[in-house]
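**Q**
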Amino acid sequence: MKELVWDRTLSVEVDEIDEDHRRLLQLYNLLGHAVEAGEAQAYLDALLEELVSCTVWHFSHEERLMLRHGYPGLAEHRQEHRELSDSARELQQRLRQAGRPPQQAELEFLEHWLSEHILVADMQLGAFLAGRI
1 MKELVWDRTL
11 SVEVDEIDED
21 HRRLLQLYNL
31 LGHAVEAGEA
41 QAYLDALLEE
51 LVSCTVWHFS
61 HEERLMLRHG
71 YPGLAEHRQE
81 HRELSDSARE
91 LQQRLRQAGR
101 PPQQAELEFL
111 EHWLSEHILV
121 ADMQLGAFLA
131 GRI
């Protein structure tokens, strides 16, 4: 499993968003390590639920900041949030129905899902907010 490590390249230069991102990376890493360690399915399900729930909360947090500061890319960013949330919930449901842990490809999907969103959409948001917060 590839561990996600927080460094300045992932910073959007907005402390409250960076704090959320650090927590999401920690949860992703906990999930990956739990899969590698062969932890119980119920524990894996709980970790994935926490990761997805925290992500949904984080998206709401970002959207609140976008609304407050008049972010011009709100509609597109919000749509990306919906698509990411939907895909994560679909993965979570498939895993629950199958009663199995995430496989390597599914962990890679989650890793890409997190890092790509941070490095593209959230960097644009951060650049906008940095001059306003």
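Numbering (the numbering used here), first residue to last: 1 to 133.
The beta carbon of each residue, even a glycine, is placed where N, CA and C say it ideally should be.
Nothing here was measured: the structure is a model prediction, and the numbers come from that model.
#1: Between which residues of its own chain and Glu63 is the CB-CB distance below 8 Å, once the five residues before and five after are set aside?
#2: With a cut-off of 8 Å, do at least 3 Cβ pairs link the stretch 98 to 118 to the stretch 40 to 59?
#3: Would Val35 and Asp122 qualify as a contact pair, given that the criterion is a beta-carbon distance under 7 Å?
#4: Identify the continuous alpha helix (DSSP H) that holds Gly126 and give its terminal residues.
#5: Just the Cα atoms here: how many angstroms apart are Asp20 and His61?
#6: Take Leu24 and list the residues in its own chain whose beta-carbon comes closer than 8 Å to its own, dropping the five residues that flank it on each side.
#7: Would you kindly report the start and end of the unbroken alpha helix (DSSP H) that includes Trp113?
#8: Going by Cα to Cα distance, which pick from Phe128, Ile133, Glu106 and Gly131 is closest to Leu48?
#9: Using only CA atoms, which one of Arg22, Ala98 and Asp45 lies nearest to Leu31?
**A** According to the structure data:
#1: Answer for Glu63: Leu74, His77, Arg78 and His81, listed in chain order.
#2: Using a Cβ-Cβ distance cut-off of 8 Å, the stretch 98 to 118 and the stretch 40 to 59 are in contact, since at least three pairs of beta carbons, one from each stretch, lie closer than that value.
#3: Not a contact, by the Cβ cut-off of 7 Å.
#4: Counted as a single uninterrupted DSSP element, the alpha helix (DSSP H) harbouring Gly126 occupies residues Met123 to Ala130.
#5: Rounded to the nearest angstrom, the two C-alpha atoms are 9 Å apart.
#6: Within the same chain, Cβ atoms closer than 8 Å to the Cβ of Leu24 are found at Leu51, Cys54, Thr55, His58 and Leu114, the five residues on either side in sequence being excluded.
#7: Per DSSP, Trp113 belongs to the alpha helix (DSSP H) from Gln104 to His117.
#8: For the residues Phe128, Ile133, Glu106 and Gly131, the minimum Cα distance to Leu48 belongs to Glu106.
#9: Among Arg22, Ala98 and Asp45, the Cα nearest to that of Leu31 belongs to Asp45.
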